[in-house]
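Worksheet: one structure, shown below.
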Amino acid sequence: MAPRVARQGLRHVGIEDIRKPLTVLRGGRAITLTATFGVTVDLPSSRKGSDLSRNAEILAEIVDRTVTQPVQSMEWACSEIAKELLVRHPYAQCSRVRVSATHFLLKGISPDRRSMEDYHLSAEAQAMRVNGGPPSLTRWLAAEAVGMTACPCAMSTARDLLLPDYPLLSDPSMATLPIITHNQRNRTRLTFELHEGVEVEADDMIATIEAAQSSPTYAILKRGDEAKVVLTAHRDPKFVEDVMRDLLSSLPKRFPSLPDAVGVLAETWSEESIHKYDVVASHDTTLGELRQNASA
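Each residue of the sequence shown is one higher than the one before, starting from 459 at the first, in my numbering.
Rendered as structure tokens:
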């Protein structure tokens, strides 16, 4: 018989890709999201395996009832599940719950061009036992929006190249005239780290992201609408670094009631149109640091 090997404690053991209807309150109305959950707890070396059925039971009990009893947010649901996991798994010291969903908002370039535009939301909660007392809880909420950017470098270079053929471009009155450049589909994600009791509205996060891009994008655009989107983007050309800086600098004014301790992770990707690579930027900080920078 082979010698028995001592068991190793494991940080995360659980179940993933569990799809559930999660009903949350957004703007005073109940919205049902098709949510995908991941649920784990740590496993001490004294145990051979985790009680996985308990995870599925907790999800059913907490999430299924939201169909008739909507909850305030995705992160709230994650928090309740994370806390209950430690109750049902008394041997565990840490639980983690993650959820992702597609969120729809009625938007459009004009009132008669509106449609349900899709955005990606994700939330996470982690509960940890602290010296035998109630668990400490940390939550994260992330929102991701797709827009577009126009390259300011190519715009400036194109203007210089066109000057010999179009000398009127040198007139000072033409300095702000948008010039041809290449465009990118831009994906930007904003994540807040929230301690228990701190809430933030995901729709506000989405609006903040879109304001940092050169222009939002839309599902329904007629020919004239397309021109408006292109002009909007070309009148506000941005590098991926500009999107990142504009997003970060806007957060103190956009979220004045959030505490300084709220963590911020911002990530942006530009899917390049003329290069064979994408361009990325990211930054992690706190709202307190951003406020200090704004007042410096």
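Glycine is no exception: its CB is placed at the ideal position from the N, C-alpha and C atoms. Nothing here was measured: the structure is a model prediction, and the numbers come from that model.
**Prompt:** For N589, is the beta carbon positioned less than 7 Å from some heavy atom of the ligand SAH?
**Reply:** Only the bare structure without any ligand can be found here, which leaves the ligand SAH out of the picture.
**Prompt:** So which of S628, A670 and L620 has the shortest CA-CA distance to V639?
**Reply:** Position 181 of the sequence shown, counted from the start, is the residue given in the question as residue 639. Correcting the residue identity first, residue 639 is Thr in this sequence and not Val. Per the Cα distances, L620.
**Item:** Complete beta strand (DSSP E) runs within the stretch 663-733 (minimum length 3 residues, chain order)
**Value:** 721-729
**Request:** Could you tell me how far apart the beta carbons of R512 and H470 are, in whole angstroms, since I believe they sit closer than 8 Å?
**Result:** Taking the first residue of the sequence shown as 1, we reach residue 512 at position 54. Taking the first residue of the sequence shown as 1, we reach residue 470 at position 12. Cβ atoms of R512 and H470 stay farther apart than 8 Å, at about 15 Å.
**Prompt:** Counting pairs of beta carbons, one from the stretch 666-677 and one from the stretch 492-503, are three or more of them closer than 8 Å?
**Reply:** no
**Prompt:** Who are P622's beta bridge partners in DSSP?
**Reply:** As a position in the sequence shown, residue 622 is number 164, starting the count at 1. Answer is none; P622 lacks a bridge partner.
**Asked** Mind checking whether L745 and P710 have CB atoms under 8 Å apart?
**Response** Numbered from 1 along the sequence shown, position 287 holds the residue referred to as residue 745. Numbered from 1 along the sequence shown, position 252 holds the residue referred to as residue 710. Yes, Cβ-Cβ distance for L745 and P710 is below 8 Å.
**Message:** Would S553 and L543 be called neighbours here (beta carbons separated by less than 8 Å)?
**Reply:** The sequence position of residue 553 within the sequence shown is 95, counting from 1. The sequence position of residue 543 within the sequence shown is 85, counting from 1. For S553 and L543, yes; Cβs fall inside 8 Å.
**Message:** To test your reading of the DSSP string, which unbroken beta strand (DSSP E) runs of 3 or more residues are found completely within the stretch 557-595?
**Reply:** 573-586
**Message:** In whole angstroms, give me the CA-to-CA distance for L705 and K565.
**Reply:** Against the sequence shown, residue 705 aligns to sequence position 247. Against the sequence shown, residue 565 aligns to sequence position 107. Answer to the nearest angstrom: the Cα atoms are 21 Å apart.
**Prompt:** Taking the alpha helix (DSSP H) that S537 falls in, what are its first and last residues?
**Reply:** Here residue 537 corresponds to residue number 79 of the sequence shown, with the count starting at 1. S537 -> alpha helix (DSSP H) spans M532 to R546.
**Request:** Figure out for me which residue from P592, G591, S580 and S614 has the closest Cα to the Cα of A603.
**Result:** Taking the first residue of the sequence shown as position 1, residue 603 is located at position 145. Ranking P592, G591, S580 and S614 by Cα distance to A603 puts S580 first.
**Asked** Whose C-alpha, out of T481, E538 and S568, is nearest the C-alpha of G682?
**Response** Translated into positions along the sequence shown, residue 682 becomes position 224. The option with the nearest alpha carbon to G682 is S568.
**Asked** For D742, which residues does DSSP report across the bridge?
**Response** Working through the sequence shown from its first residue, we reach residue 742 at position 284. D742 is bridged to L723.
**Through-space distance from V555 to I520, alpha-carbon basis** = Indexing the sequence shown from 1 puts residue 520 at position 62. Indexing the sequence shown from 1 puts residue 555 at position 97. Approximately 13 Å, taken between the alpha carbons.
**Prompt:** Looking only at C-alpha atoms, which of A660, S728 and I489 sits nearest to T526?
**Reply:** Position 68 of the sequence shown holds residue 526. Among A660, S728 and I489, the Cα nearest to that of T526 is on I489.
**Asked** For Y577, does the count of other Cβ atoms within 10 angstroms reach 16, so buried, or fall short, so exposed?
**Response** In the sequence shown, the residue the question calls residue 577 occupies position 119. In summary, Y577 is buried, with 16 or more beta-carbon neighbours lying within 10 Å of its beta-carbon over all protein chains present.
**Request:** Would you list the residues sitting across from K478 in a DSSP beta bridge?
**Result:** Looking up residue 478 in the sequence shown gives position 20. In the DSSP assignment, K478 forms a beta bridge with A493.
**Prompt:** With a CB to CB cut of under 6 Å and the five nearest residues on each side skipped, what residues in its chain are close to A583?
**Reply:** In the sequence shown, residue 583 corresponds to position 125, counting from 1. Taken in chain order, the residues that qualify are C536, S537, A540, V555 and R597.
**Message:** Helix, strand or coil for V656? Go by DSSP, reduced to three states.
**Reply:** As a working note, residue 656 is residue 198 in the sequence shown. In the structure shown, V656 adopts coil according to DSSP, grouped into three states.
**Request:** Would you tell me roughly how many angstroms separate the C-alpha atoms of P717 and A752, rounded to the nearest one?
**Result:** The count along the sequence shown starts at 1 and reaches residue 717 at position 259. The count along the sequence shown starts at 1 and reaches residue 752 at position 294. About 15 Å.
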